[in-house]
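S.K.: One structure follows; several queries about it will come next.
Number of protein chains: 2
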Amino acid sequence: MTPQNAYDELALRAREMATLASTQAVLEWDQQTYMPPGAAAFRAQQMSMLAGMVHDKFTDPKVGELIAIVEGSDLVKDPDSIIAANIRELRHNYDKETKLPKELVEEFNKTTVLAHNEWAAARKASDFKKFQPWLEKIVTLCRRKADAYGYTGEPYNALLDNYEPGASVEEIAVVFEKVRIELVSLLSKINNSKKKPDVSIVERPYDVERQKVFGEMVAAAMGYDFTHGRLDIAVHPMTIGIGPGDTRITTRYNPRRLNDALFGTIHEAGHALYDMALEREKYLGLATGDAASLGIHESQSRMWENMVGRSKAFWVYFFPQAKRIFRDSLDGVELDDFYKAVNNVAPSYIRVEADEVTYNLHIMLRFELERALMTGQLKPADIPGEWNSRFKKYFGIAVDHDANGCLQDVHWSAGLIGYFPTYSLGNLYAAQFFAKIKQEIPDLTARLEKGDLLTLREWLREKIHKQGLRYRAGRLCQKVTGQPLSHQPLIDYMKAKFGEIYGF
Amino acid sequence: MTPQNAYDELALRAREMATLASTQAVLEWDQQTYMPPGAAAFRAQQMSMLAGMVHDKFTDPKVGELIAIVEGSDLVKDPDSIIAANIRELRHNYDKETKLPKELVEEFNKTTVLAHNEWAAARKASDFKKFQPWLEKIVTLCRRKADAYGYTGEPYNALLDNYEPGASVEEIAVVFEKVRIELVSLLSKINNSKKKPDVSIVERPYDVERQKVFGEMVAAAMGYDFTHGRLDIAVHPMTIGIGPGDTRITTRYNPRRLNDALFGTIHEAGHALYDMALEREKYLGLATGDAASLGIHESQSRMWENMVGRSKAFWVYFFPQAKRIFRDSLDGVELDDFYKAVNNVAPSYIRVEADEVTYNLHIMLRFELERALMTGQLKPADIPGEWNSRFKKYFGIAVDHDANGCLQDVHWSAGLIGYFPTYSLGNLYAAQFFAKIKQEIPDLTARLEKGDLLTLREWLREKIHKQGLRYRAGRLCQKVTGQPLSHQPLIDYMKAKFGEIYGF
């Protein structure tokens, strides 16, 4: 078999696996939107069967042999070539999938299913002690996973790599630490400011049907293509990239608050633009047809949500339209007051409800605790104490009970240790990309003020989306911005924006 | 391997194949309801991949070996036992799936995809000549299929058996001929009657939202369980049994006609009650967890739609509710006039819009032509002439052009020769079951008048639904009614009902 034949065979197998995985995505979308509740038990059987089939196809030893044939050939001589990138990631994923003993995978799956229910009960009772034995099991299993994968540096790296390939805890900790220090100081200034936005502007009745119309208008203006997508209601706002030509988003409406669905829709449409611009049809199942990382994905949603959707320039164009649609709610409201209201900063317990400034502090806290759990420096039993003391230090307020503290997130019960950092990486990448964009599109603000969102969208498509995972996130950042990841663009952006709003 | 082990292994494989097929059903439902139009191309790839996987699993020679082991054992000694029934149908399906040469399957699929487009164009132009070469190809391919399957009697039997296992053209032709003769005579009396229902009652504005509410009320009263199902809008009204605990129905609303969605919903809910009562979880993928035949399935939908939903007793209970919901449209309308309006009989060209009496004549005509095409007595070129002369004879009106005649149905272009008879078999089985039910539940009319639909539903569940395909349709009919299939119950029912309405 020639190396080219081996590569073609791998591409065909990758396409088959991706097609199978795409049927899982349809089932997932259905489950989140329209599935009758009584169908849940059988849906779990369908999903687990499909997952097993994908796993079996991928861990077929023949896949390893084919990868090895291409690796030993001239096809990968240029490490930046498309074939080299695709083989690099196939090797990475094949090794990870085959390194875990079957017994560990099964125990992990069984434990997390049970742990999820125990976590839900513990959160309801706001009693960490009930969840503690399950967190202990999960930490142990995650350590075993890390050992099976292998790692350099800390065991956390092996887990982080599942979500952010090639990232290292040692590198991001340096950036995160700087972010945290700067944000704690910024938050303190905001807390002490006398100039408080009037949030009542966005916390009054907003007709749900009109919210939906406005959300779809904004998504369409961003370039979200409704002939290849849909916007539905779901408990969990999400983007589901089903496959080539099918990228759907969901949101949820609060009839008494404008922000939730509006910025949620912009956020998901930001993810969706990335997904829609990937060369999925051409490279189905291969790295060059896939997103670079969760962090890069989140950079797209966060940039659209915050740097665009919460900018003054955006509302210069859209606020008059919003006033015509939400006539009663926005009667007599001025653009400047509306802009400040959607940018209100207020420390709060719950991450998913956090504003742009405090959101990253929520992540820093979780990242630090996860990292210490994995090195063993922190015991699960010490989580509540450690959580609460750090929370007081970073946010300036004391956690009242565990449901508002260390029990709030689903992630640990699902075994997703290593996932949280990607949220803040998204904000960091977004700011660094956005600073570069402002250099390269000097009239961006004027364009946004005229409702031109597509110039930005084209830039993102060319520089980021179409690259797929040809380069890993750190390398992509370097190529796009000329710099490695830094805390500075995000902090500069935050200081300028919130200094202006809060008057310091 | 013991025969019991072989059976257990078959049951496991059947469950896996059915789970895979159930993911196709989710994709199918999504495609019919909410899928973005731009996703169509990839959806075809997903569907064909899943179909290929099911086919490969089923035609694995190991399946044949396992079936043979059980067949040669005491497990099937009692031919009416559950295991014997399941093995009987596995053998039947395995033989059929493996008998078709791969080359024939591929040519059949390729031809029908092209033929579908050619048919659509020919129908649009109302020009049979354009479709004729494709019908010739399809008839030839269907003959080759029949030869590959093997048959006794006429080649048509091999095709009919795909939809109505065990039925024979020779037997049903005798029944159909009697039906046709009686219906032509009945229709002539109706056409000559001076008493015409006032159909304008149901052909005026009916608010679509209220149609939906009323349709769901009726479906719920029938016992359709919305925690295990949904009612959505789709171009093609249908029931999709996704799997255990998930049976969805669709309908379409005409804002100026009550009948379409209302009787369509009752029809689909009738199918769904059958699907929901099957022992799917226990026998997933096996005959005893599956429906007996398309004809028996249609008997359930038709019984609910016509014998219940278009009965006077049903409307004694539901008409007052309908009047409260459709206040303006039904203002001043009397029960008796409404009952007659929903039972209006009027010969028309299009089968899918036909009333209860003429519907079967549409089927008889198609059945007779299909049968003659397969024996070779009729050439595709002669179809329009033959269609039109029979239509004139049966319906008393002349077909104006091919789009209203032999080009109206999608079936032949899809290669579905042998499918049509199952529609009339459904009506025949429905009438025969219903006559038996009236004996066994003597106060059924009084129950329907009080809105009790669940007594009927329980009878159907116990006598028919829960049997699955333990007995084939003919045998099931004999067991349930004590008689082989006969034209008499349907004709008796029609004569009594329409004689009363049209006054003869």
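Just so you know, the sequences run in chain order A and B.
So the first sequence is residues 1 to 504, counted in the working numbering.
So the second sequence is residues 1001 to 1504, counted in the working numbering.
Every residue gets a Cβ at the ideal spot worked out from N, C-alpha and C, and that includes glycine.
Could you work out which residues of chain B lie near A:F42, taking near to mean beta carbons separated by less than 7 Å?
M.R.: The contacting residues are G1243, P1244, G1245, D1246.
S.K.: Grab the span of the beta strand (DSSP E) containing B:G1385 for me, first residue to last.
M.R.: B:G1385 -> not in any beta strand (DSSP E); alpha helix (DSSP H) instead, spanning 1383–1395.
S.K.: Would B:M1049 pass as an interface residue toward chain A - the criterion being a Cβ-Cβ separation below 8 Å?
M.R.: Yes, B:M1049 lies at the interface with chain A (some Cβ there is under 8 Å from its Cβ).
S.K.: Write down every uninterrupted run of the alpha helix (DSSP H) in the segment 274–358 of chain A whose length is 4 residues or greater and which is fully enclosed by it, in chain order.
M.R.: Here the runs fully enclosed are 294–302, 312–325, 335–341.
S.K.: Could you tell me whether the segment 1400–1420 of chain B touches the segment 1118–1132 of chain B, using the rule of 3 or more Cβ pairs below 8 Å?
M.R.: Touching, yes.
S.K.: Are there three or more Cβ pairs, one per stretch, closer than 8 Å when the segment 221–239 of chain A is compared with the segment 264–271 of chain A?
M.R.: Flag = yes, the segment 221–239 of chain A and the segment 264–271 of chain A touch.
S.K.: Is B:H1228 close to chain A? Criterion is C-beta to C-beta, closer than 8 Å.
M.R.: True, the Cβ-Cβ gap to chain A drops below 8 Å.
S.K.: What residue does the alpha helix (DSSP H) around A:I82 start on, and which one ends it?
M.R.: Looking at the DSSP string, the run of the alpha helix (DSSP H) that includes A:I82 is 82–99.
S.K.: Does any CB atom of chain B fall closer than 8 Å to the CB of A:E16?
M.R.: Closer than 8 Å: yes.
S.K.: Whole angstroms is fine: what's the gap from A:A287's alpha carbon to B:V1218's?
M.R.: Rounded to whole angstroms, A:A287 to B:V1218 spans 52 Å at the Cα level.
S.K.: Indicate the three-state DSSP secondary structure (helix, strand or coil) for A:I464 in the structure shown.
M.R.: In the structure shown, A:I464 sits in coil (DSSP, three-state: anything other than H, G, I, E or B).
S.K.: Give the single residue among A:E89, A:D56, A:T227 whose Cα lies nearest to the Cα of B:Y1034.
M.R.: Nearest C-alpha to B:Y1034: A:T227.
S.K.: Using a Cβ cut-off of 8 Å (strictly closer), state whether A:Y34 contacts chain B.
M.R.: Yes, because at least one Cβ of chain B sits closer than 8 Å to the Cβ of A:Y34.
S.K.: Buried or exposed for B:D1080, going by 16 or more other Cβ atoms inside 10 Å?
M.R.: Result: exposed.
S.K.: Expressed to the nearest angstrom, what Euclidean distance is found between the alpha-carbon atoms of B:K1194 and B:V1357?
M.R.: Near 18 Å, if we compare the C-alpha coordinates of B:V1357 and B:K1194.
S.K.: Between the Cα of B:Y1206 and the Cα atoms of B:L1231, B:I1249, B:P1255, B:T1445, which residue gives the shortest distance?
M.R.: The shortest C-alpha separation from B:Y1206 is found at B:P1255.
S.K.: Here's the rule I'm using: 16 or more other beta-carbon atoms within 10 Å means buried, otherwise exposed. How should A:A121 be labelled?
M.R.: With fewer than 16 Cβ atoms within 10 Å of its Cβ, A:A121 is classed as exposed.
S.K.: For B:I1417, which of helix, strand or coil comes out of DSSP?
M.R.: Coil.
S.K.: Going by C-alpha to C-alpha distance, which of A:E65, A:S73, A:S188, A:N157 sits closest to A:L361?
M.R.: The shortest C-alpha separation from A:L361 is found at A:S188.
S.K.: Is B:D1127 helix, strand or coil by DSSP?
M.R.: Correct three-state label for B:D1127: coil.
S.K.: Hey, out of A:L50, A:I87, A:V54, whose CA is closest to A:G64's CA?
M.R.: Nearest C-alpha to A:G64: A:I87.
S.K.: On the DSSP letters alone, give me the boundaries of the alpha helix (DSSP H) that A:T33 sits inside.
M.R.: 3–33 is the extent of the alpha helix (DSSP H) around A:T33.
S.K.: Under 7 Å Cβ-Cβ, which residues of chain A neighbour B:T1019?
M.R.: Residues of chain A passing the Cβ test: Q45, Q46, M49.
S.K.: If I'm right that A:T422 touches A:Y163 with Cβ under 8 Å, what's the distance once you round it to whole angstroms?
M.R.: Between A:Y163 and A:T422 the Cβ distance is about 5 Å, and since that is below 8 Å, they are a contact.
S.K.: Please name the residues in the segment 1307–1340 of chain B whose beta-carbon is closer than 7 Å to at least one beta-carbon of chain A, in chain order.
M.R.: Those residues of the segment 1307–1340 of chain B that come within reach of chain A (Cβ to Cβ, closer than 7 Å) do not exist; the list is empty.
S.K.: Quick one: residues in its chain with C-beta nearer than 8 Å to the C-beta of B:V1333, no 5 flanking neighbours on either side, listed in chain order?
M.R.: Contacts found: I1201, K1323.
S.K.: Could you check the C-alpha separation between A:G482 and B:L1027 for me, to the nearest Å?
M.R.: Approximately 44 Å, taken between the alpha carbons.
S.K.: Run down chain A in chain order and give the residues with a C-beta less than 7 Å from the C-beta of B:S1022.
M.R.: Result: Q46.
S.K.: Compute the Euclidean distance between the alpha carbons of B:S1048 and A:L448, then round it to the nearest angstrom.
M.R.: If I take the Cα positions, the gap works out to 44 Å.
S.K.: Since A:G507 meets chain B, which of its residues come closer than 7 Å, beta carbon to beta carbon?
M.R.: Coverage of chain A is limited to positions 1 through 504, which leaves residue 507 of chain A absent and any answer about it impossible.
S.K.: Can a CB atom of chain A be found closer than 8 Å to the CB of B:L1469?
M.R.: Taking Cβ atoms only, chain A never reaches closer than 8 Å to B:L1469, which makes this a no.
S.K.: Tell me whether the beta-carbon of B:L1262 lies closer than 8 Å to the beta-carbon of B:I1249.
M.R.: The answer is no: Cβ separation not under 8 Å.
S.K.: Check whether chain A comes within 8 Å of B:D1008, counting only Cβ atoms and requiring the distance to be less than that.
M.R.: Not closer than 8 Å to any Cβ of chain A, the Cβ of B:D1008 fails to qualify, so no.
S.K.: Would you please state the rounded distance, in angstroms, between the beta carbons of A:S486 and A:V175? I believe it to be under 8 Å.
M.R.: Indeed they touch by this definition, with Cβ atoms about 7 Å apart.
S.K.: So, using beta-carbon positions, are A:G285 and A:A18 closer together than 8 Å?
M.R.: Cβ distance < 8 Å, so A:G285 and A:A18 count as in contact.
S.K.: Nearest-angstrom Cα distance between B:E1440 and B:L1453?
M.R.: Near 15 Å, if we compare the C-alpha coordinates of B:L1453 and B:E1440.
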